[in-house]
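Working notes, beginning with the structure itself.
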Amino acid sequence: MVEFAAKYPWLIPAMPLFAALFIGLFGKKLKGAAAIPAILAMLVSATLALALLFGISNETIRPIKDLMVFHWFSAGTFNVNVGITVDYLTAIYLSFITVIGTLIFIYASNYMKGDYGYWRFFAYLSIFVFFMCVLVMGNNLIMLYLGWEGVGLASYLLIGYYYPRPSAVAAAKKAFITNRVGDFGLAIGIFIIYLVTGQVEYTKIFDFLQGSLNADTVKAWQTAIYILPFCLMLGAFGKSAQFPLHVWLPDAMEGPTPVSALIHAATMVTAGIYLIARMMPVFHTDALFVVACVGGFTAFLAATIACCQYDLKKIWAYSTLSQLGYMFLGLGVFAADSAVFHVFTHAWFKALLFLSAGSVMHAMGGELDIRKMSGVRKVMPITMFTMLIGCLALAGVPGLAGFFSKDEIIYAAFKYPGPWGAVFGIAALVVALMTAYYTFRLFFRVFMGPTELPATAGGHEPSPFALADDHGHGHDDHHAHDAHGHTQHSALSPQHSRLDGSPVLWLPLLILCIGAVGAGYLGLFGGHHEAGHEAHGGWFHHFLGGTLGTLHPPEGAPMIKVGHGAMMIISGIIAVIGISLAAYFHWINRHATEILAANLKGLVAFLYNKWYFDEIYNALIIKPLWVLGHIFFVIDRFVVDGAVFVVGFLPQLAGYSLKPTQRGLLQRYAVGMVAGVAAVIVGVLWLIRS
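Heads up: the sequence shown begins at 3 in the numbering used here, then just goes up one per residue.
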């Protein structure tokens, strides 16, 4: 299998593409079976991706570099091939994209059952995975950009999947337009790279930077080389929803829950991390400092907002923003391998959390407000267990995956040179405390305490499609609960005795639990160290060293080390404190939360309204552009079109004015002609004389 995967790696992205085309052509006839070709295609891709990962890790095969599939196009000296690279970084990404993607597909096959657009949903999901695979497997920047734009298009289709709902359409547009800002920066960055190096393939670009970038070239392109990483990071900030382009991701919860899991865990938002990790050789220390600052601020910003949200999915959305901030912080403090490690561990427990939340919503009839449910553990014991594992991992409890990867980034932040090291490190610890708090705030609110279920519990979630057409049942209509009021609950009844749902829903969750617990140990054990080289972590760090060896900090900058016991202890204590605070305020003494919120009403409103970023952007950007657009409309309508109208109207007016003189009398015509000729002659003679 390893040799087959190495010979035909293009099958990994091709299988989801074939599935999407097949479902698109025959989906309406397949109906409820439309998920089968998508799942089978994902299983094949996952098998091949794991074969490549194991083959490269145990050196059975060499990393694949610049495998040309076919020539795409040429424009003068500019040549672009469809080529594939599967090195250590790509192999890691492919493993969680395909494996976690497969589990999400299986989960969605039951979760979306009976939905009016069932076949369309799986066609879109397959396209999403295809473009993400293209993004990470391409051997050049043009293929990366193709995949980059492709995942943006797929996310637009999936976020706006429930298009009869205006809020879903608005969220899809918001995501698409916000990402265009970042995509513009990425396009400029690619253009600069081609101008300086004349290449778009990674290996040729890096070879040029290492060998052919002489003093004359640097002098000629000094400004371009300096601003290049800032252009690339703008693209990364857009796709990975970092400040100030972070506003689209929480609204993306308008899509079905499996879409949220796929976006937050296995695709799209991790693309920004991949871009910077892949292009790290072009990043200078000033650019990395900006990456660290933006990442640290976004982590803090999102964590504070998550502490005051009540929407089940949006709490996890802001947790993703915060964890992505950790990853960018890791990239900026010279711990790129730790940042990618956190991408890997985060994918497992974040998919677990979103799918567990989907199961709760599925059982609660679409309810999302955590204030309207309590004691759900009694009716959903399996989901409670899986959610608990995910929460422990996200909170950074020692022994679970999130602890190991996040702890490395915090340690690297403290080791950053100069006073900024303390700033980054303390900020990372504060965010870790808030993460543990808001994570278990949700868990204790939903699963612990007296059993109080919303009136919609045990029922179907109304489909937005049913509003426009009377078809079946859909999911994720989180406005469905509005008609029931904020205090209406249903008592525990026999039909509510077990709401975990079909094994197709909870078996993928149990498998994800394995990754949420065990993925972190890949960074602790299994590495080997050669004589004369500094120990640097376990299997994961040793494995990534083959690709990220060029990403080490400048001479004199610190290197991350696994085994920093003091920091591990501090991180563990921070997690326990955060969980304890959540337990007191949201399980043991919920009345204290109401008192505290009343005393901090202004702060709570500020955080609940997301620091008012939407309102600020609306006032400073959207409304001025709206006014400017209307001004240009008026100019176009009355000035530009008016001038054209006048030019056409004047001859018409002259014709209407002269029309009464046309009586059909030849004598008058003759007199007029003679008079005209005489006038011309007189005029010419006057000009000659003067």
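The beta carbon of each residue, even a glycine, is placed where N, CA and C say it ideally should be.
| Item | Value |
| --- | --- |
| Check whether Y610 and C310 have beta carbons under 8 Å apart | yes |
| Same chain only: Cβ atoms within 6 Å of T552, ignoring 5 sequence neighbours per side | For T552, the predicted structure reports a pLDDT of 45, less than 50, and the residue's modelled location is therefore unreliable. A value from the coordinates is still provided. Same-chain partners within the cutoff: P283. |
| Whole-angstrom distance between H632 and A681, CA atom to CA atom | 50 Å |
| Bridge partner(s) assigned by DSSP for G140 | I86 |
| Integer-rounded CB distance, given that S340 should sit under 8 Å from E410 | 4 Å |
| Distance between beta carbons of D502 and T385, contact taken as under 8 Å | 5 Å |
| Coil, strand or helix - E203 by DSSP | strand |
| Beta-carbon proximity list for A8, same chain, < 6 Å, skipping 5 on both sides | I63 |
| Proximal residues to A533 (C-beta, below 7 Å), its chain only, five neighbours per side dropped | The predicted model places A533 with a pLDDT of 37, which falls under 50 and marks its position as unreliable; any figure quoted below should be read in that light. Contacts found: none. |
| Own chain residues within Cβ distance below 7 Å of A493, not counting five before or after | Per-residue confidence for A493 stands at a pLDDT of 43, beneath the threshold of 50, marking its modelled position as unreliable; the derived number appears in the next sentence. So the list is empty, once near-sequence residues are dropped. |
| Rounded C-alpha distance that separates Y90 from T306 | 35 Å |
| Rounded separation between T92 and S76 - CA only | 26 Å |
| 8 Å Cβ cutoff, I683 in contact with chain C | Reference to chain C is not applicable here, since this structure consists of a single protein chain. |
| Extent of the continuous beta strand (DSSP E) to which A254 belongs | Element bounds for A254: n/a, residue is neither H nor E. |
| Cβ neighbour criterion (16 or more within 10 Å) applied to R691 | exposed |
| Beta carbon of V71 nearer than 8 Å to that of I58 | no |
| Nearest to W613 (by Cα), restricted to the options F587, D209, L303 and E596 | L303 |
| Member of F208, G103 and A301 whose CA lies at the smallest distance from the CA of H248 | A301 |
| Cα-Cα separation, K31 to K115 | 15 Å |
| Environment of H535 [buried if 16+ CB atoms lie within 10 Å] | In this prediction, H535 scores a pLDDT of 38, lower than 50, which makes its location untrustworthy; no coordinate-derived value is stated. |
| Beta-carbon proximity check, A716 vs P260, cutoff 8 Å | Shown here, the chain extends from 3 to 692; a query on residue 716 therefore has no answer. |
| Three-state secondary structure (DSSP) of L402 | coil |
| Assumed close pair A403, T441 - CB separation to whole angstroms, cut-off 8 Å | Rounded, the Cβ-Cβ distance is 14 Å, inconsistent with contact. |
| Per-residue DSSP class, three states only, for S242 | coil |
| Distance, T322 Cα to A337 Cα | 19 Å |
| Selected residue, minimal CA-CA separation from V136, among Y158, S242 and V88 | V88 |
| Cβ shell of A672 (< 6 Å), same chain only, five flanking positions each side left out | none |
| Span of the alpha helix (DSSP H), counted from its first residue to its last, around S262 | T259 to A263 |
| Assumed close pair R379, M450 - CB separation to whole angstroms, cut-off 8 Å | 7 Å |
| Assigned secondary structure, I63 (DSSP; H/G/I helix, E/B strand, else coil) | coil |
| A36, DSSP secondary structure in three states | coil |
| DSSP three-state assignment for H73, whether helix, strand or coil | strand |
| Segment contact flag, the stretch 226-244 with the stretch 267-278, C-beta cutoff 8 Å, min 3 pairs | yes |
| Residues near L431 in its chain [Cβ-Cβ closer than 8 Å; skip 5 each side] | I412, I572, S573 and I576 |
| N-terminal and C-terminal residue of the alpha helix (DSSP H) that W628 is part of | K625 to V636 |
| Per-residue DSSP class, three states only, for D313 | strand |
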